[in-house]
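Everything below concerns the one structure shown next.
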Amino acid sequence: MSTSSSGHSVAEYKELLEARDAAIREGWVRTMEARLVREELGKCWRTEGVNHYAQCHELTQRYLDMLRTHRVKGTRVIDFES
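Read in the UniProt record's numbering, the sequence shown has 54 at position 54, and its numbers run on one by one without any break.
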């Protein structure tokens, strides 16, 4: 079994890279979902005109919730206490 310089096997390293890629991909999918909701919200605002406060309220709430939860996160963890 071959190992890298850090003592981990090549298979473990490949699994780590695949997990990292999957996490990044999932983060971008969630971000693009938020972008689609934002575009729908813009269409709603334009079509509803002055009534957009009442008619687009559900989309607005959904988009605000997505802004809080659907962010792209990096794979590195920075420890500020070191």
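Every residue gets a Cβ at the ideal spot worked out from N, C-alpha and C, and that includes glycine.
Exposed unless 16 or more other CB atoms sit within 10 angstroms - verdict on Y53: exposed
Does the count of Cβ pairs from the region 38 to 56 and the region 13 to 26 closer than 8 Å reach three? no
Where the alpha helix (DSSP H) through V37 begins and ends: Taken as a continuous stretch (DSSP letters only), the alpha helix (DSSP H) holding V37 covers 10 to 48.
Nearest-angstrom Cα separation, counted from A22 out to M32: Whole-angstrom Cα-Cα distance: 15 Å.
Spatial neighbours of H57 within its chain, please: CB distance less than 7 Å, with the 5 preceding and 5 following residues excluded, ordered by chain position. Here the set comprises nothing.
Three-state secondary structure (DSSP) at H52? helix
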